[in-house]
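A.B. asks: The numbering of the sequence shown is the working numbering, which starts it at 2 and goes up by one. Below: one structure in C-alpha cells.
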Amino acid sequence: MVFAAIDIGSNAIRLLFCRVYKVDGKPHFSKEELIRMPIRLGEDVFLYGKISEEKCNRLITSLKGFSELIKAYGVQSYRAVATSAMRDAANGQALMDKVKIETGLSIEIIDGKLEAALVFSNHIEELLNPKYAYLYIDVGGGSTELTLYFNNKVIAAKSFNIGTVRMLLDKVEKEEWEEMKIWLKRNTVGVHPLNAIGSGGNINKIFKMSGKKETKHLSYDKLKGLYDMLNSYTYQERIERLGLKPDRADVIVPAAKIFLTVMKTADIERVYVPQIGLSDGLVHEMYEKYASKK
C-alpha cells in the first residue's frame with residue numbers, strides 16, 4: 002500500500018509517496034517518489050510577519066498539483082502539515098482555509114513539540130546501539146527540533162526558532178542561541194556516550210558530499226571540514242562548481258553551523274545520517290494507525 006505525506010516547510014514544500022509492505026512480518030518502508038518545490042515561505046514571514054500574495058498563489062498552485070497526484074496514485078491515506086513559517090505567519094490559518102477550499106487538502110499547522118515527535122516517530126533508534134544515548138537534531142528553514150533519547154525513551158525535547166532561512170535573513174535572536182545551549186548543557190550532563198542523529202535536507206546533502214558509503218555517520222571533524230569547504234565558496238560557486246540547487250546553495254552553510262554548534266555544546270563526536278525526515282515520520286504514523294485498526 003502507498004501513503005502520501007506533505008511537509009510545508011519554511012524553505013520548501015515536499016510531497017512524499019512511500020510504499021509499505023511486510024518483510025518477515027515487519028513493515029518495510031520504500032520511498033517511491035519525492036517532489037520538492039522551493040517556495041521559501043519563511044522569506045516573507047521572518048521579514049514581514051505574513052505570507053505575500055505572490056507566494057500564497059505559488060503555494061496554492063503547487064498544492065493543486067500535489068492533490069491531483071495523490072488522487073492519481075490512489076493512496077491508502079495522506080497527511081499534510083505546515084511548520085515554522087506557517088506557525089509564525091499572521092495569515093497562516095486563513096491561507097490554510099483557502100487551500101482547503103481550492104485544493105481539497107486538509108493541512109494542519111503543527112507546533113514545534115509535535116513536529117519533533119513526528120520526526121522522531123521514524124524509530125531510527127531501533128537500528129542503533131541501545132547502550133548509547135542519542136540526540137535527534139532536525140534542522141529546518143525556520144526551526145531546529147532537538148529530541149534526547151536515552152534508556153529506550155524520550156527524556157527531553159524542545160523546538161528552537163533557529164533555522165537556516167532565519168539565519169540568512171539575520172532573524173535569529175542571540176538569546177535563542179543561548180537558550181538552546183543552556184538547554185543542551187542542562188539535559189545532556191552525565192548522558193554519555195552521546196551520539197547525534199541528523200535529519201533534514203541539508204545534512205542529507207552534506208553526507209552525500211562526504212562520499213562516505215561504508216558508514217552512516219559523520220564525525221565532528223569531518224563535518225567541520227565540509228563546513229569550512231562550503232564556506233570558502235561563494236554562493237554562485239556552490240551552484241556552478243559543487244552542483245548545488247540555488248535554494249540549497251545558500252542554506253547549506255547555516256545548516257552545517259547549527260549542527261556543529263549543537264554537537265560542540267553537547268560534546269557529541271559523531272552524527273548519524275539515516276536520510277529521513279518529517280515526511281517519513283508522517284508515513285510511519287499513518288501506517289501505525291492503519292495497522293492498529295487492522
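Heads up, the beta-carbon is just placed ideally off N, CA and C, and yes, glycines get one too. Computed from a predicted structure; not experimentally measured.
If I'm right that Met-38 touches Ala-13 with Cβ under 8 Å, what's the distance once you round it to whole angstroms?
C.D. replies: Numbered from its first residue, the sequence shown carries residue 38 at position 37. Numbered from its first residue, the sequence shown carries residue 13 at position 12. The Cβ separation is near 6 Å, so the contact holds.
A.B. asks: Ends of the beta strand (DSSP E) at Val-140?
C.D. replies: Position 139 of the sequence shown, counting from 1, holds the residue named residue 140. Unbroken beta strand (DSSP E) run through Val-140: 134 to 140.
A.B. asks: In the DSSP assignment, what residue or residues form a beta bridge with Met-38?
C.D. replies: If you number the sequence shown from 1, residue 38 lands on position 37. Note: Met-38 sits in a beta bridge opposite Ile-14.
A.B. asks: Apart from the five residues on each side of it in sequence, which residues of its chain come closer than 7 Å, Cβ to Cβ, to Leu-119?
C.D. replies: Taking the sequence shown and counting its residues from 1, one reaches residue 119 at position 118. Excluding positions up to five away in sequence, the list reads Leu-279, Gly-282, Leu-283 and Glu-286.
A.B. asks: What do you reckon, are the CB atoms on Asn-308 and Leu-149 nearer than 7 Å?
C.D. replies: Any answer about residue 308 is impossible in this case: the structure gives the chain only from 2 up to 295.
A.B. asks: Pick helix, strand or coil for Val-254, following the three-state DSSP scheme.
C.D. replies: Along the sequence shown, one-based indexing puts residue 254 at 253. Three-state result, Val-254: helix.
A.B. asks: Since Gly-43 contacts Arg-239 with CB under 8 Å, what's their CB separation in whole angstroms?
C.D. replies: Mapped onto the sequence shown, residue 43 falls at position 42. Mapped onto the sequence shown, residue 239 falls at position 238. With a Cβ gap of about 20 Å, Gly-43 and Arg-239 do not count as contacting.
A.B. asks: Since Thr-189 is in the alpha helix (DSSP H), which residue starts that stretch and which ends it?
C.D. replies: Numbered from 1 along the sequence shown, position 188 holds the residue referred to as residue 189. Residues 175 to 189.
A.B. asks: Have a look at Val-21, Cys-57 and Val-254 and flag the residue whose alpha-carbon is nearest the alpha-carbon of Leu-96.
C.D. replies: Residue 96 sits at position 95 when you count from the first residue of the sequence shown. The shortest Cα separation from Leu-96 among Val-21, Cys-57 and Val-254 belongs to Cys-57.
A.B. asks: Whose CA, out of Glu-55, Asn-203, Ser-63 and Val-100, lies closest to the CA of Asp-248?
C.D. replies: Taking the sequence shown and counting its residues from 1, the one referred to as residue 248 is at position 247. The shortest C-alpha separation from Asp-248 is found at Asn-203.
A.B. asks: Rounding to the nearest angstrom, what Cα-Cα distance links Ile-163 and Lys-99 in this structure?
C.D. replies: Taking the sequence shown and counting its residues from 1, the one referred to as residue 163 is at position 162. Taking the sequence shown and counting its residues from 1, the one referred to as residue 99 is at position 98. So the alpha carbons of these two residues sit roughly 28 Å apart.
A.B. asks: Is Asn-203 helix, strand or coil when you go by DSSP?
C.D. replies: Looking up residue 203 in the sequence shown gives position 202. Reduced to three states, the DSSP call for Asn-203 is helix.
A.B. asks: Hey, Tyr-236 and Gln-77 are a contact pair by Cβ (cut 8 Å); roughly how many whole angstroms apart?
C.D. replies: Start at 1 with the first residue of the sequence shown, and residue 236 comes out as number 235. Start at 1 with the first residue of the sequence shown, and residue 77 comes out as number 76. Contact doesn't hold; Cβ gap of about 41 Å is too wide.
A.B. asks: Could you tell me whether the Cβ atoms of Lys-159 and Trp-178 are closer together than 7 Å?
C.D. replies: Against the sequence shown, residue 159 aligns to sequence position 158. Against the sequence shown, residue 178 aligns to sequence position 177. Result no, Cβ atoms of Lys-159 and Trp-178 do not sit closer than 7 Å.
A.B. asks: Locate the alpha helix (DSSP H) running through Ala-270, then write down its first and last residues.
C.D. replies: Along the sequence shown, read from residue 1 onward, the residue named residue 270 stands at position 269. A small correction: the amino acid at residue 270 is Glu; Ala does not occupy that position in the sequence shown. Premise fails: Glu-270 is in no alpha helix (DSSP H) and is neither H nor E.
A.B. asks: Would you mind stating whether Leu-219 and Ala-134 have Cβ atoms separated by less than 7 Å?
C.D. replies: Here the question's residue 219 lines up with position 218 in the sequence shown. Here the question's residue 134 lines up with position 133 in the sequence shown. Cβ distance not < 7 Å, so Leu-219 and Ala-134 don't count as in contact.
A.B. asks: For the beta strand (DSSP E) holding Lys-159, just list the boundary residues, first then last.
C.D. replies: For the purposes of this step, residue 159 is taken as the residue at position 158 of the sequence shown. Per DSSP, Lys-159 belongs to the beta strand (DSSP E) from 154 to 161.
A.B. asks: Going by the CB atoms, is the gap between Gly-141 and Gly-10 shorter than 7 Å?
C.D. replies: In the sequence shown, the residue the question calls residue 10 occupies position 9. In the sequence shown, the residue the question calls residue 141 occupies position 140. Their beta carbons are under 7 Å apart, which means Gly-10 touches Gly-141 by this criterion.
A.B. asks: Among the candidates Ala-197, Gly-143, Ile-156 and Lys-32, whose CA atom is the shortest distance from the CA of Glu-174?
C.D. replies: Here residue 174 refers to the residue found at position 173 when the sequence shown is read from its first residue. Of the listed residues, the one whose Cα sits closest to Glu-174 is Gly-143.
A.B. asks: Compute the Euclidean distance between the alpha carbons of Thr-84 and Ile-52, then round it to the nearest angstrom.
C.D. replies: As a first step, residue 84 must be located in the sequence shown, where it is residue number 83. As a first step, residue 52 must be located in the sequence shown, where it is residue number 51. Taking the straight line joining both Cα atoms gives about 13 Å.
A.B. asks: Who are the near neighbours of Arg-21 in its chain, counting only those whose CB is closer than 8 Å to its CB and skipping five residues on each side?
C.D. replies: On the sequence shown, residue 21 is found 20 positions in, with the first residue counted as 1. Correcting the residue identity first, residue 21 is Val in this sequence and not Arg. The answer, listed in chain order, is Met-2, Val-3, Phe-4, Pro-28, His-29, Phe-30, Ser-31, Val-284 and Tyr-288.
A.B. asks: Quick check on DSSP: helix, strand or coil for His-285?
C.D. replies: Within the sequence shown, numbered from 1, the residue matching residue 285 stands at position 284. The answer is helix: DSSP assigns His-285 an H, G or I state.
A.B. asks: Am I right that Ile-61 and Glu-109 are in contact with their C-beta atoms under 8 Å? What's the rounded C-beta distance?
C.D. replies: Within the sequence shown, the letter at position 60 stands for residue 61. Within the sequence shown, the letter at position 108 stands for residue 109. At roughly 17 Å, the Cβ-Cβ gap does not stay under 8 Å, so Ile-61 and Glu-109 are not in contact.
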